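Heads up, the thing below is written out as C-alpha cells.
Number of protein chains: 2
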Amino acid sequence: MNNSHEQWIHQVVELASANVREGRGGPFGALVVKDGEVIGTGVNLVTASHDPTAHAEINAIRAACQRLQSFDLSGCDLYTSCEPCPMCLGAIYWARPRAYYFACTRDSAAEAGFDDTFIYDELHLKPSERTIPGHCVTALGGDAPFIEWAQTVQKIRY
Amino acid sequence: MNNSHEQWIHQVVELASANVREGRGGPFGALVVKDGEVIGTGVNLVTASHDPTAHAEINAIRAACQRLQSFDLSGCDLYTSCEPCPMCLGAIYWARPRAYYFACTRDSAAEAGFDDTFIYDELHLKPSERTIPGHCVTALGGDAPFIEWAQTVQKIRY
Chain Z
61 MNNSHEQWIH QVVELASANV REGRGGPFGA LVVKDGEVIG TGVNLVTASH DPTAHAEINA
121 IRAACQRLQS FDLSGCDLYT SCEPCPMCLG AIYWARPRAY YFACTRDSAA EAGFDDTFIY
181 DELHLKPSER TIPGHCVTAL GGDAPFIEWA QTVQKIRY
Chain H
61 MNNSHEQWIH QVVELASANV REGRGGPFGA LVVKDGEVIG TGVNLVTASH DPTAHAEINA
121 IRAACQRLQS FDLSGCDLYT SCEPCPMCLG AIYWARPRAY YFACTRDSAA EAGFDDTFIY
181 DELHLKPSER TIPGHCVTAL GGDAPFIEWA QTVQKIRY
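Read top to bottom, the protein sequences are chains Z and H. Taking my numbering, the leading residue of the first sequence gets 61, the next gets one more, and so forth. Taking my numbering, the leading residue of the second sequence gets 61, the next gets one more, and so forth.
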C-alpha cells in the first residue's frame, strides 16, 4: 500500500510538471484511484480551454465520474500535486472520495503566484463584504424551485 | 437597471424551476450577464451528466467563457437561484465577475436537503481533521512543477 501511495504521488507530480513542459497550462495535476487502478486523470487547462473551472482536480473528478458513469466517487482516493483550492475542495465534497493526498501545500502555491489563500480568506467574510460581492435578492419567490423539488416524487438525490 | 436586475433574478428562478419540472436535475439555475445581455446559462445537471461538478453556476460560467473564448468574466454579473456552494464560490473567484446575485440563501438550500453549510463548516478545519481528510505527502519533490513554472518564459498567467 505504501509503495502504491508514493507511486501515485510521484505520478501526479509528473503530470503537473509535464503540463508545464508541454505548454498546456498551469503546474497542476490530479488523479483518482479506485481499487489500485487510476480511473481518471486531470491537468490544469484553464487557459487552453478558456475555462476557469478546468483545474486539475475538477478535470480528474469529471474524468473518473465519466468512467464510472456515476457522480459518486465513494471508495476512491484523489491524488493532487497541490493542496486543493476552495473550488476543488468543494468538488471533492460533492464527489465524496474516501480521502485526498497532496504533494505540496497552498503556501507553495501562493509563492508560485497562485493565491488560493486569498479565496479561503474571502470565504470567512459575509457575501456582501467580499471583494467580489454577493447580494441576496429576496422576496421574489426565490424558494419556488425548492418547493417544486419537495413536491416531486421521482427525483434522484445527490 | 433595476428592471433588468429583477428580470434576471426572475429568469434564473424560472430556469431552476423548469429544471425540476423537466426532470433534468436539482432545483438550481444560473446565468451570466454582460452589457445587458445573457451570455451563458446553466442548470444543475449532476445526476443527468454523472458529473458532481455540474452545478448551475459552474455550467453558466463555463458557457459564458466559451461564448467569450476567455477564462475571465470581468465586467460580467452572475445571477443564481441560490447562494453558491463553496465549489461555485471558488469558481466565481477564478472567473472574476463583477458581482453575483442570488434569489435565496444557503439556509433555504439546507432546508431543501442541500447542505452546503456542512461544506462551509468543513473548510474551517485543518485538512487532516475533515470528514473527507486531506493529507500532505511532502519530501517527494512536490514543488518541482512550480519550479518548472517559474523557469518557463512563455506562459499565460490566469
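All C-beta atoms in this analysis are idealised placements derived from N, C-alpha and C, irrespective of residue type, glycine included. A quick note: this is a predicted structure, and the numbers were derived from the prediction, not measured.
(1) Ignoring anything shorter than 3 residues, give me the beta strand (DSSP E) runs that lie fully in the region 78 to 113 of chain Z, in order along the chain.
(2) Rounded to a whole number of angstroms, what is the C-alpha to C-alpha distance between H:T212 and Z:A108?
(3) Could you tell me which whole beta strand (DSSP E) segments of length 3 or greater appear in the region 135 to 206 of chain Z?
(4) Using a Cβ-Cβ distance cut-off of 8 Å, determine whether H:I192 contacts chain Z.
(5) Give me the Cβ distance between Z:Y180 and Z:P146, rounded to the nearest whole Å; I'm assuming they're in contact under 8 Å.
(6) Would H:V80 count as contacting chain Z if we go by Cβ distances under 8 Å?
(7) Taking C-beta to C-beta, are H:F116 and H:S141 nearer than 8 Å?
(8) Between the Cα of H:V72 and the Cα atoms of Z:Q214, Z:D137, Z:T198 and Z:G135, which residue gives the shortest distance?
(9) Quick check: the region 201 to 218 of chain Z against the region 162 to 180 of chain H, are at least 3 beta-carbon pairs closer than 8 Å?
(10) When the Cα of H:G89 is compared with those of H:G96, H:C125, H:V106 and H:E182, which residue comes out closest?
(11) Tell me whether Z:M61 is buried or exposed, calling it buried when 16 or more other Cβ atoms sit within 10 Å of its Cβ.
(12) Using only CA atoms, which one of Z:T113, Z:I118 and Z:W68 lies nearest to Z:G21?
(13) If we ignore side chains and look at the alpha-carbon of each, how far apart do Z:E182 and H:R158 end up?
(14) My output table needs one value for Z:I216: the three-state DSSP class, helix, strand or coil.
(15) Which term fits H:R190, buried or exposed, when burial requires 16 or more other beta carbons within 10 angstroms of its beta carbon?
(16) Taking the Cβ atom as the reference point for each residue, do H:V103 and H:A76 lie within a distance shorter than 8 Å?
(17) Tell whether a beta-carbon distance below 8 Å holds between Z:Q129 and H:H110.
(18) Contact between the region 130 to 137 of chain Z and the region 146 to 156 of chain Z: three or more CB pairs below 8 Å?
(19) What residue range does the alpha helix (DSSP H) around Z:L133 cover?
(20) Applying the 10 Å Cβ sphere with the 16-neighbour rule, what's the burial state of Z:A151?
(21) In angstroms with no decimal places, state the Cα-to-Cα distance between H:H70 and H:Y218.
(22) Give the DSSP-derived three-state secondary structure of H:H65 in the structure shown.
(23) With a CB to CB cut of under 8 Å and the five nearest residues on each side skipped, what residues in its chain are close to H:D167?
(24) So that I know if they touch, is there some Cβ in chain Z lying closer than 8 Å to that of H:I219?
(25) Using a Cβ cut-off of 8 Å, pull out every chain Z residue sitting near H:E143, in sequence order please.
(26) Taking DSSP as the reference, what is the three-state secondary structure of Z:H70?
(27) Under 8 Å, Cβ to Cβ, is there at least one residue of chain H near Z:G86?
(28) Distance cutoff 8 Å, beta carbons only. Does Z:T107 sit that close to anything in chain H?
(29) Pull up the distance between the alpha-carbon of Z:K186 and that of Z:P193, whole angstroms please.
(30) How long is the line joining the alpha carbons of H:F174 and H:W209, rounded to whole angstroms?
(31) Looking only at C-alpha atoms, which of Z:V93, Z:H65, Z:P87 and Z:D137 sits nearest to Z:A170?
(32) Keeping to the same chain, check which residues put their C-beta closer than 7 Å to that of Z:S188; ignore five residues upstream and five downstream.
In short, the structure shows the following:
(1) With a minimum length of 3 residues, the unbroken runs of beta strand (DSSP E) contained wholly in the region 78 to 113 of chain Z fall at 89 to 94 and 97 to 103.
(2) Inter-residue distance for H:T212 and Z:A108 is about 16 Å (C-alpha atoms, whole angstroms).
(3) List check, beta strand (DSSP E) in window: 137 to 140, 159 to 162 and 194 to 196.
(4) Using beta-carbon distances, H:I192 counts as an interface residue toward chain Z, with a partner under 8 Å.
(5) Z:P146 and Z:Y180 do touch by the CB rule: their CB atoms are close to 6 Å apart, below 8 Å.
(6) At least one chain Z Cβ lies under 8 Å of H:V80.
(7) Correcting the residue identity first, residue 116 of chain H is Ala in this sequence and not Phe. Yes, these two residues count as a Cβ contact at 8 Å.
(8) Ranking Z:Q214, Z:D137, Z:T198 and Z:G135 by Cα distance to H:V72 puts Z:T198 first.
(9) In this structure the region 162 to 180 of chain H lies against the region 201 to 218 of chain Z, because at least three pairs of beta carbons, one per stretch, are closer than 8 Å.
(10) That would be H:V106, whose Cα lies nearest to the Cα of H:G89.
(11) Its pLDDT being 46, under 50, Z:M61 is placed unreliably by the model, and the measurement read from it follows with that caveat. So Z:M61 ends up on the exposed side.
(12) As shown, chain Z starts at 61 and ends at 218. That puts residue 21 of chain Z outside it, with no answer to give.
(13) Cα atoms of Z:E182 and H:R158: separation of roughly 15 Å, rounded to the nearest angstrom.
(14) In the structure shown, Z:I216 sits in coil (DSSP, three-state: anything other than H, G, I, E or B).
(15) With a threshold of 16 other beta carbon atoms within 10 Å, H:R190 meets it and is buried.
(16) For H:V103 and H:A76, yes; Cβs fall inside 8 Å.
(17) H:H110 sits close to Z:Q129, with the two beta carbons spaced by under 8 Å.
(18) Yes: at least three Cβ pairs fall under 8 Å.
(19) Segment: none, Z:L133 is in no alpha helix (DSSP H) and carries neither H nor E.
(20) It counts as buried.
(21) Answer to the nearest angstrom: the Cα atoms are 33 Å apart.
(22) If DSSP states are grouped into helix, strand and coil, H:H65 belongs with the helices.
(23) Contacts found: T177.
(24) With chain H covering only 61 through 218, there is no way to say anything about residue 219 of chain H.
(25) Listed by position along chain Z, the residues whose Cβ is nearer than 8 Å to that of H:E143 are P187, G194 and C196.
(26) Looking at Z:H70 - three-state DSSP - the assignment turns out to be helix.
(27) Closer than 8 Å to the CB of Z:G86 there is at least one CB belonging to chain H.
(28) Yes, its Cβ sits closer than 8 Å to a Cβ of chain H.
(29) Going from the Cα of Z:K186 to the Cα of Z:P193 covers about 9 Å.
(30) Within the model, the alpha-carbon separation for H:F174 versus H:W209 is close to 39 Å.
(31) Comparing Cα positions, the closest option is Z:P87.
(32) Result list for Z:S188: G194 and H195, in chain order.
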